[in-house]
Structures are given as C-alpha cells and as structure tokens.
Amino acid sequence: MLALATATLVQLRGDIEQSHAALVLLLVVLGGSASGGRALGYILATLGFLLIDYFFQAPYGLLSVGKALDWVMLAAFLASAFVATELLARAKEEADPARARTEEVAPLSRLGSATLKHARAEDGLHEAGSLIRSTLGAQWCTIRQVNGSLRDTGWTSTADAVDDTSLARQRVLEAQIVGRVAAGLDEREVALAVAGGDVSIVSIDSYAGHDVVEALGLPLYAESRLVGVLIVGGDTSASIVFDAARRRFMATIAYYAALGLERVRLAQEAGEAHALREANRMKDEVLATVSHDLRTPLTTIKVLAQAAGLRGDPAAGIIEEQADRLARMVTNVLDLSTIRAGSLHLEIGLNTAEDVIAAAVGQVQGRLLGRRIVTTFDLDERELIARFDFVQTLRILGNLLDNAMRYTPLGGAVEIDASRDGPWLAIRILDVGPGVAEAERTRIFEAFYRPKSQAPDGGAAGLGLSIAQRLAEVQEGSVGYAPRPGGGSIFTLRLPAVDWDPTLLDDM
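Numbering (the numbering used here), first residue to last: 2 to 509.
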C-alpha cells in the first residue's frame with residue numbers, strides 16, 4: 002500500500018507539494034498501525050520519512066535535505082506518524098480487554114436471564130446448564146442440589162452423540178466430585194480431574210496451573226451455606242481449556258447457579274407449605290362437618306339413656322357419661338375450627354379473678370370424684386381485675402382443671418392461686434401428677450397431641466390444652482407450663498390486668 006501510494010504521488014509530483022504527499026503517506030501509516038499494530042506503524046512511518054525525502058524534496062532521487070524547512074516537514078511527519086501509531090496501539094490494547102469482557106458479560110447476562118425468566122425454577126436450571134456447557138465448550142454440565150446432606154437431585158445438560166464410554170466416565174467423575182464436596186469443600190476450593198486422572202482438591206486461586214481439565218466441580222454457596230455443586234466436564238480426548246477468561250466466567254456463574262438452586266429450594270418449600278395449609282384446611286373442614294353432624298345423634302343417645310335410667314337400666318349412667326364425653330370432644334373440635342378460622346366472637350370486659358375462678362370450680366364440682374380444689378388469692382391486692390371474655394376464660398380454666406384432675410390421684414388436691422404479675426393477672430393451677438417429660442413440654446399445646454405416657458383410653462383427645470392456649474392468645478394473654486417443685490405441673494393463665502380504681506365499678 003505504501004509503494005502504491007508513493008508511485009501514484011510521484012506521477013503527480015509536479016502538481017502537488019510535499020505536504021500533500023506527507024498527508025497521504027500519514028494515512029497509510031495510520032492504516033498500517035490500525036491493522037498491524039505498533040511495530041508495523043513505526044516501520045511505515047520510518048519508510049514514509051525516507052520516501053518523502055527521496056521522492057518529494059529537491060534534489061529528487063537523493064537522500065539529502067537541502068533546506069531547513071524540509072527538516073521541519075520531515076520531523077513533523079515522523080513525529081505525527083509516531084504519535085498517531087502509539088495512540089492507535091494504546092487504544093487497541095485497551096479495546097481488546099474491553100471487547101473480551103463484553104464477550105464474557107454476554108453469556109453471563111443470558112445465564113442470569115435463563116435462571117430467572119422461567120416460571121418453574123427447575124426449567125431455569127436446566128437451561129442454565131445448557132448455556133454453561135455451550136459457553137465453555139464442555140461435553141456435559143451438571144448442577145446438583147444440596148440440602149443438609151447431598152441429595153440425588155440434579156439437572157444435567159449433555160452434548161449430542163455421547164458414546165457409552167464417555168457417559169460412564171462422566172458418571173464416575175460426577176460421583177467422585179460429589180463425594181469430595183460432601184466430605185467438605187469451602188468456598189475457596191474446587192474439585193478437578195485432569196485427563197484420565199482422579200479427582201483432587203485445589204485452591205480456587207491455584208487451579209490456573211491446570212489449564213486443561215477433564216472435569217471441574219465448583220461448590221455453590223448462598224450466604225455461606227452450601228446449596229449445591231456445579232460440575233462441568235469434557236472427556237479424555239477433548240478436555241476443557243480453562244484460560245483466564247473461562248476461570249473468571251466460572252467464578253461468576255457460581256453465583257447464578259446458586260441463585261437458581263435457591264429458587265428451586267424456595268419453590269419446593271412454598272409448595273410443601275401450600276400443600277400443608279391445604280391439608281390443614283381440609284382436615285378442619287372434615288372435622289367441623291363430622292363434629293356438627295354428630296351433635297344430633299349424641300343428643301338422641303343422651304335422651305334415650307336418661308329414659309333408660311328412669312326405667313332402672315344400670316347401663317344408662319355409663320351411656321350418658323360416655324355421651325357427655327363425646328359431646329365435649331365434638332364441642333372442642335368445633336371450637337378449635339372456629340378459633341383457627343378467626344371467627345370466634347369475644348365479649349371483652351372487666352372481670353375479677355374471684356368470679357371466674359368460683360364459676361370454674363363450681364363447673365367441675367360434679368367431676369371431682371374424691372379430689373379437692375384449694376383456692377388461694379393474693380390478699381395484698383384489693384381486687385384482682387383484668388380485661389377478658391368471661392365465658393371463654395371460664396372455658397380455659399375448665400380445660401386446665403380437667404387436665405389437672407386427670408393426673409391428680411384420688412384424695413389429692415388441685416390448687417388454684419391468683420395474683421398480679423406485673424401487667425398481668427396470673428391464675429395458676431397446680432397438680433401433683435407425674436408432670437411432663439422435658440422432651441414433650443414444647444408439644445403439649447399442639448392439637449390432638451397426647452403424651453406417650455398417657456394410656457390410649459385415658460379419656461382425652463389432646464384438645465383441651467391447645468384450645469386453652471388459643472383462647473388465651475385471642476384475648477392477648479397466654480397459657481404456659483412449668484414443672485412443679487417436688488413433682489407435678491403448674492399451668493399459668495395470664496391475662497391483661499387492670500389497676501383497681503373505684504370508678505371501674507361503673508364498667509363492671
């Protein structure tokens with residue numbers, strides 16, 4: 002190109018000045034620098050300097066400079082050519098890494114889109130595996146889930162036309178890498194296998210020395226918690242070259258792969274939670290329907306039992322007692338469904354501890370069967386007043402007293418005391434039963450739960466304590482358990498207390 006430009010300019014030498022020739026040759030130098038780099042640019046600039054002197058400065062055909070202005074022209078050309086060459090070379094050096102980074106970012110953006118665009122998180126992981134495999138030129142890519150311990154849950158993308166030998170080798174490497182990760186691998190380590198070799202563990206910073214790798218396993222962490230492992234591999238004849246760009250890509254895709262696995266985990270948990278809520282809803286509906294339908298036959302059974310008792314039938318009392326027991330169970334189930342649905346009607350007002358305790362004791366008098374109830378009040382308090390629904394609180398105390406009497410031996414005493422406990426009115430019910438094992442104390446308030454030590458025919462369905470706690474909570478109170486020193490149990494009902502004021506009598 003330089004020779005062609007010079008030949009053309011020589012033909013026009015009589016019609017142009019040397020500055021015109023210098024500009025044309027400078028363009029040639031710039032073109033050479035852009036295409037061939039710094040070295041070619043400097044060579045062309047030097048040749049252009051000589052060509053201008055030889056062909057376009059008098060006397061022609063000689064390498065000599067006769068005028069000072071000619072030196073200025075040549076120096077200006079050479080300086081301009083050198084500066085332009087250097088600037089172009091530096092711009093190209095800066096553009097190449099930027100272009101490389103752009104090429105790296107493009108698959109990352111596609112990977113991020115792949116993990117998030119799908120409605121099903123599993124579909125996003127499958128597409129992400131395919132994208133990782135194609136970007137790295139790998140033969141296969143596996144993203145495997147970890148949940149506490151490694152589970153056999155994963156998504157694998159494999160290239161077409163994989164022979165049985167390669168597939169068998171892939172499975173061996175997968176198993177080895179998964180095993181090494183399960184044995185313990187932190188965020189700064191990777192598992193890799195060179196062509197035909199076994200899996201080894203190296204630092205994520207040092208595996209640059211293993212440019213050619215048959216398989217690489219990268220642990221996936223989310224908030225310092227191991228969630229999975231990403232494995233990519235080739236085969237013994239077509240291993241993967243992990244140059245600097247691909248190592249940077251691997252370090253970055255770990256985040257996206259972990260994000261995809263977290264989406265899967267959250268989707269699984271959401272599905273399980275939805276299924277559990279639906280199962281609970283259906284269970285409540287069935288229980289409520291069955292319990293409601295049982296009320297009419299229970300009423301009929303009780304009426305017939307009472308009639309049989311009037312005729313002197315000795316079994317009438319047992320039938321009536323069991324009918325009452327079943328009726329209480331039905332009522333408990335219906336009440337539990339009502340509370341869970343949030344449709345329980347409350348009439349919150351000011352009431353005294355003495356009144357509700359006296360009513361509760363009177364309610365269970367017929368079921369004491371030789372047991373005693375001892376009540377104690379804090380005499381330092383003029384009145385023990387709280388805000389609560391009298392009927393529902395009576396129900397709470399009734400359930401707690403029934404529970405205490407169930408575990409108190411004949412001739413024993415159930416104690417009730419009431420006092421102020423900071424902002425609360427505390428009503429405690431104490432029994433002398435066997436107490437509750439420490440392992441079961443967190444479960445005794447669950448619906449339908451019965452301690453393992455209780456006989457199957459112990460007369461309780463495991464609803465009394467659950468209902469008592471829920472009725473207290475809807476009144477902004479609580480029911481708690483504590484072991485009684487010396488043996489037995491203490492159940493404490495706490496309700497929002499109100500300080501005594503004579504003007505309160507108008508509201509009671």
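No residue lacks a Cβ here, since even glycine has one placed at the ideal position from N, Cα and C.
It is roughly 15 Å from the alpha-carbon of isoleucine 445 to the alpha-carbon of leucine 494.
Contact annotation: leucine 221 and glycine 229 have beta-carbon atoms nearer than 8 Å. A distance below 8 Å separates the beta carbons of leucine 219 and leucine 231. Going by beta carbons, leucine 174 and glycine 234 fall inside the 8 Å limit. Annotated three-state conformation of glutamine 470 is helix, per DSSP.
The Cβ atoms of alanine 90 and glycine 32 do not sit closer than 8 Å to each other.
Secondary-structure assignment with DSSP links threonine 443 through no beta bridge to anything. Here alanine 448 carries a coil assignment [DSSP, helix/strand/coil]. Measuring C-alpha to C-alpha distances from tryptophan 141 to each of Gly478, Arg172, Ala35 and Glu123 identifies Arg172 as the nearest. Note that the stretch 174 to 183 does not touch the stretch 242 to 260; fewer than 3 beta-carbon pairs, one per stretch, sit closer than 8 Å. Taken through DSSP and simplified to helix, strand or coil, phenylalanine 492 comes out as strand. Alanine 361 is a Cβ neighbour of leucine 402, given a cutoff of 8 Å.
Residue pairing by DSSP places glutamine 146 opposite Gly229 in a beta bridge. Phenylalanine 391 carries a helical assignment under DSSP once its states are collapsed to helix, strand and coil. Within its own chain, the residues whose Cβ lies closer than 6 Å to the Cβ of proline 484, once the five positions on either side in sequence are excluded, are Gly436, listed in chain order.
Met330 is the residue among Met330, Ala498 and Leu431 whose C-alpha sits nearest the C-alpha of leucine 295. Counting every other CB atom within 10 Å of its CB across the protein chains shown gives glutamine 470 a total of 16 or more, marking it as buried. Membership of serine 338 in the alpha helix (DSSP H) is indicated by the continuous run 317 to 342. With 16 or more neighbouring CB atoms inside 10 Å of its own CB, glutamate 416 falls in the buried class. A contact between stretches requires three or more CB pairs, one per stretch, nearer than 8 Å, and the stretch 264 to 281 fails this requirement with the stretch 296 to 315. The beta carbon of glycine 363 sits closer than 7 Å to no other beta carbon from its chain once the five residues preceding and following it are set aside.
Within the same chain, Glu188 come within 8 Å of serine 225 by CB-CB distance, once the 5 residues on both sides are set aside.
The count of Cβ pairs closer than 8 Å, one atom from the stretch 350 to 359 and one from the stretch 318 to 338, stays below three, leaving the stretches out of contact.
Judged by DSSP in its simplified three-state form, glutamate 188 adopts coil rather than helix or strand.
Scanning its chain for C-beta atoms nearer than 7 Å, with the 5 sequence neighbours on each side dropped, one finds around alanine 6 the residues Val25, Leu26 and Val29, in chain order. Contact between alanine 387 and alanine 498 holds: CB atoms are separated by about 5 Å, below the 8 Å threshold. Leucine 88 sits exposed, since fewer than 16 C-beta atoms from the chains shown fall within 10 Å of its C-beta.
Between leucine 398 and glycine 489, the beta carbon gap of about 18 Å keeps them out of contact (Cβ cut-off 8 Å). Put simply, of Asp124, Leu51, Ile44 and Leu52 the residue whose alpha carbon is nearest the alpha carbon of alanine 85 is Ile44.
In the structure shown, proline 298 adopts helical secondary structure according to DSSP, grouped into three states.
With 16 or more other Cβ atoms from the protein chains shown falling within 10 Å of its own Cβ, arginine 247 counts as buried. Cβ-Cβ distances below 8 Å link leucine 347 to Asp390, Gln393, Val475 and Gln476 in the same chain, with the five nearest sequence neighbours on each side left out; the list follows chain order. Separation of glycine 412 and leucine 370 (C-alpha to C-alpha, rounded to the nearest whole angstrom) is 9 Å. Under the criterion of beta carbons closer than 8 Å, valine 365 and alanine 414 do not qualify as touching, at roughly 13 Å.
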